[in-house]
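Trainee:
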Amino acid sequence: MQTVVKINNLVKRYGDLVALDHFNLEIMEGEIFGLLGPNGSGKSTTIHCLLSLLEYDKGDIKVFGEEMKPDSYHLKKDIGIIMQNVAVFDRLTVEENIDYFCGLYIKDKKKKKELVQEAIDFVELNDFKKFYPKKLSGGLLRRLNIACGIAHKPKLIILDEPTVAVDPQSRNNILEGIKRLNKEGATIIYTTHYMEEVEQICTRIAIMDKGKSIAVGTKEELKSMVKTGETIQVDVPKLMENQLEQISKLPHTKKLSYENEVLHVQYTKGKHNLIRLLDYFREQDIAFGRVTSELPTLNDVFLEITGKELRDQ
Amino acid sequence: MNLFFYQLKNILKTKEIIFWTLAFPLLLGTLFYVSFGTADTDDRFSKIPVGVVWNQEDEYFSMILEELEGELFVTTEYKEKEAVKALREEKIDAYIVVDDTVSMKVMESTVEASIVETFLEEYLSTKSAMETIFKEHPEKIKELAQMMASGSQDSVSIKGDTQDMEDYNPYLTFFFALVAMTCLFGSFISQGVISELQADQTAVGARKNIAPLSKMKLLIIDILTTWLVSFVEILIVLFYLVEILKLNFGANLRYMLILAVVGSYFGISFGIFVAIFVKGDFGAKNGFLVAVSLSLCFLGGLMMANMIDIVEHHIPILNRINPAALMVHAFQSLQVYKTTDIFYRNLFIIFVIALVMNIASLWILRRKKYASL
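As given, the protein sequences belong to chains Z and A, one line each in that order.
Numbered per my numbering, the first sequence spans residues 35 to 347.
Numbered per my numbering, the second sequence spans residues 742 to 1114.
Next up, the structure:
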């Protein structure tokens, strides 16, 4: 597999603030690569440096095996970007916007027309072709933003937090669209601070904090880095102190809490934890209701590495 | 071509821009016309009212004045105190005191006062030669007087080829400055368009910056589009003033087109320059453009017709580089002095300033990376 993006020792400072601190990254062809991190962790700065929009203090950036510079037009023609902020002209219609941005890449009129229509079909905006952006809902506007970035069929698509302030239905629509683009052959870089999204679509993930890449791998690889195992949650109307103490002594139990008639038990890695807990309830004749079990999340990975919650940032 | 037309549509559908760059000048022109339009015939330059205080007889000067009575001057004889009073009450533009020599007094510097002053200088410098002519060829006095009058106007018109000043209307300065304002307001169009080419200003700018198209090419498309819009707007304003309001600009279509081309080029170059070199967000840059454009137009006579004269006396260099003053003077040269030298010279200066701003902007923008977004 070919390396599509390679970043070595990238350093970017804003005065005294180090936005990227010797950041390294390698993205292979065909991946959906997630850059996950809290706000201010350096995700967008990485993307802007990668696109040669931002000056940086140190490091090398290669795209498709070549150094990326502001006038690397032969590289830029194969890149599509979907910005965090919607980047369209308010005074051009949906179709005109897509046609304009596609026209920056494609000169052949016939080919461009086909690509524009394909992009409109892809984001399902056929009924809104003649609409001006101001008349579109937030979700439809995001879809237009995506269409403008992908109409020229780029090999590398960069999506910088495309689902911020988007309703759940549109978000799913966007995520499904990204998977389809990837199936059609595009390499995807997806930045977000929503761990659920990277878990849902990314084949590999880099977790960023304070301008550094603190962990890289598949979601399974990242989760295997943590000592925490599953967390079991049981609705229990009544539990005595001695019973809680006995539960805490069951094998692999790491931490437990009992609040509002709900028992949370967190385990270290190990098997049959749920069976063991339910057996104990049966033995003690303890009545219980709903039972749920959660595997460790990327938030647990972030928490264990940085000591803080990803979702709290 | 596609990018050009979309950019054109984008500009033309921006109502605020069209209001300030086209509707506002038309409205202001109408207001000026309503305010000054009726004064057009009354206040047309005809004869300069001049007081004469005869402290001593001067046969030759008397003969000269007699010849020019009703042609260039309308003279009234006064005692010195009466002349001062008449001057204060603005019954006369200047008064001439005739004793051992011939001198003049004025309240303020005006075109009329300058003509009288130049006429006197002309008379004094050629007095001895004239005395000979008077003695030997008295029939040539009229011709001589006409030459002096013409020479005075030439001098005031800065070496122009003045034939007459029959069409001079001081209120036209407001309309000339209005056209200059329209040219400068063209900067609002280009500033808006260029902000959509800068990654640190707009999201569209960021998207354009990562497109596989040279910044120079995009900039040239933007310049041509904004230039065309501004050019057409200036022509519309000129057409409205000349053909609808029937103001006599003294310029034919060719000069109008030339001024519209150069004026619009200056306006859009100015907007690009500010968009690139002035720090701040879109609003701050826009505010800067409004402040500078209006200041330049004020100094060019948009609010006070004699502002150019005031500036000429205090900071003359400003009149040589202020595009609004240069444009107003270019129009005046056509309308009043019937000369094209000043017109072409002033427009050349405006063009050079615009070109310098343009080259500097292109140089900075062409491969720009940003420190922050």
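Glycine included, each C-beta is placed from N, C-alpha and C at the ideal position.
Owing to the predicted nature of the structure, the values given are computational and were not obtained by experimental measurement.
M274(Z): buried (16+ other C-beta within 10 angstroms of its C-beta) or exposed?
Mentor: exposed
Trainee: With three or more beta-carbon pairs closer than 8 angstroms as the criterion, would you say the segment 960 to 967 of chain A touches the segment 146 to 153 of chain Z?
Mentor: By the C-beta criterion, the segment 960 to 967 of chain A is judged not to be in contact with the segment 146 to 153 of chain Z, since fewer than 3 inter-stretch pairs fall below 8 angstroms.
Trainee: Given a limit of 9 angstroms on CB to CB distance, which residues of the segment 925 to 958 of chain A reach chain Z?
Mentor: Cβ contacts with chain Z: E937, A940, D941, T943, A944, V945, G946, A947, R948, K949, N950, I951, A952, P953, L954, S955, K956.
Trainee: With distance defined between alpha-carbon atoms, name the residue in C83(Z), E89(Z), I241(Z), I191(Z) nearest to E367(Z).
Mentor: This structure leaves residue 367(Z) out entirely; chain Z is present only between 35 and 347.
Trainee: Figure out for me which residue from A185(Z), G173(Z), T127(Z) has the closest Cα to the Cα of K163(Z).
Mentor: T127(Z)
Trainee: Taking all protein chains shown into account, decide if F980(A) is buried (16 or more other Cβ within 10 angstroms of its Cβ) or exposed.
Mentor: exposed
Trainee: Check this for me: beta carbons of L332(Z) and V232(Z), under 9 angstroms apart or not?
Mentor: yes
Trainee: With H, G and I counted as helix, E and B as strand and the rest as coil, what does DSSP make of I975(A)?
Mentor: helix
Trainee: Which residues, taken in chain order from the segment 132 to 157 of chain Z, show a beta carbon closer than 9 angstroms to some beta carbon of chain A?
Mentor: For the segment 132 to 157 of chain Z, the set of residues with a beta-carbon nearer than 9 angstroms to any beta-carbon of chain A comprises D133, Y134, F135, G137, L138, Y139, K143, K146, in chain order.
Trainee: Going by DSSP, name the residue or residues bridged to W1104(A).
Mentor: Paired residue(s): none; W1104(A) is not in a bridge.
Trainee: Thinking T302(Z) and T237(Z) are a contact (beta carbons under 8 angstroms), I'd like their distance in whole angstroms, please.
Mentor: With 8 angstroms as the limit, T302(Z) and T237(Z) do not qualify as a contact, their Cβ atoms being about 28 angstroms apart.
Trainee: Residues of chain Z with CB under 7 angstroms from T755(A), in chain order?
Mentor: R125
Trainee: For G901(A), name the three-state secondary structure that DSSP assigns.
Mentor: Interpretation of G901(A) is limited by its pLDDT of 36, a score under 50 that renders its predicted location unreliable; the figure taken from the coordinates is listed afterwards. Coil.
Trainee: According to DSSP, H298(Z) sits in a beta bridge with which residue or residues?
Mentor: Q267(Z), S291(Z)
Trainee: For N119(Z), go through chain A and note every residue whose CB falls closer than 7 angstroms to its CB, in chain order.
Mentor: A944
Trainee: So, using beta-carbon positions, are G927(A) and S1005(A) closer together than 9 angstroms?
Mentor: yes
Trainee: Let me know the secondary structure DSSP gives S106(Z) once reduced to three states.
Mentor: coil
Trainee: What in chain Z is Cβ-close to L1103(A), meaning under 8 angstroms?
Mentor: In chain order: nothing, as chain Z lies at least about 14 angstroms away.
Trainee: Residues of chain A with CB under 8 angstroms from E89(Z), in chain order?
Mentor: K1110, Y1111, A1112
Trainee: Among V120(Z), P202(Z), K217(Z), whose alpha-carbon lies nearest the alpha-carbon of A181(Z)?
Mentor: Comparing Cα positions, the closest option is V120(Z).
Trainee: Apply the 10 Å Cβ neighbour rule to L959(A) and answer buried if 16 or more other Cβ atoms are within range, or exposed otherwise.
Mentor: buried
Trainee: Give a yes or no on whether 9 angstroms exceeds the smallest Cβ distance from L109(Z) to chain A.
Mentor: yes
Trainee: Is the CB of G304(Z) under 9 angstroms away from at least one CB in chain A?
Mentor: Taking Cβ atoms only, chain A never reaches closer than 9 angstroms to G304(Z), which makes this a no.
Trainee: Is there a C-beta anywhere in chain A that falls below 9 angstroms from the one on I115(Z)?
Mentor: So yes, I115(Z) belongs to the interface.
Trainee: How is the alpha helix (DSSP H) around G1021(A) delimited, first residue to last?
Mentor: From DSSP, G1021(A) is part of no alpha helix (DSSP H); its letter is neither H nor E.
Trainee: Ignoring anything shorter than 3 residues, give me the beta strand (DSSP E) runs that lie fully in the segment 65 to 90 of chain Z, in order along the chain.
Mentor: 66 to 70
Trainee: Hey, out of K949(A), V838(A), I1105(A), whose CA is closest to G137(Z)'s CA?
Mentor: If we check each option's Cα against that of G137(Z), K949(A) comes out closest.
Trainee: Buried or exposed: where does H227(Z) fall if 16 or more other Cβ atoms within 10 Å of its Cβ makes it buried?
Mentor: buried
Trainee: Return no unless some Cβ of chain A is closer than 9 angstroms to the Cβ of E129(Z).
Mentor: no
Trainee: With DSSP as the reference, please indicate the residues paired to M242(Z) in a beta bridge.
Mentor: Paired residue(s): S247(Z).
Trainee: Less than 8 angstroms between C-beta atoms, sequence neighbours within five positions excluded: which residues of the same chain meet that for H286(Z)?
Mentor: G263, Y301, T302, K303, G304, N307
Trainee: Taking the straight line between their C-alpha atoms, what separation do you get for K111(Z) and I192(Z)?
Mentor: Rounded to whole angstroms, K111(Z) and I192(Z) show a C-alpha spacing of 13 angstroms.
Trainee: Closer than 6 angstroms by C-beta to Y5(Z): which residues in its own chain qualify, once you throw out the five before and the five after it? Chain order, please.
Mentor: Outside the shown range of chain Z, which is 35 to 347, sits residue 5(Z), and nothing can be said about it.
Trainee: In whole angstroms, what separates the C-alpha of Y107(Z) from that of S955(A)?
Mentor: 8 angstroms
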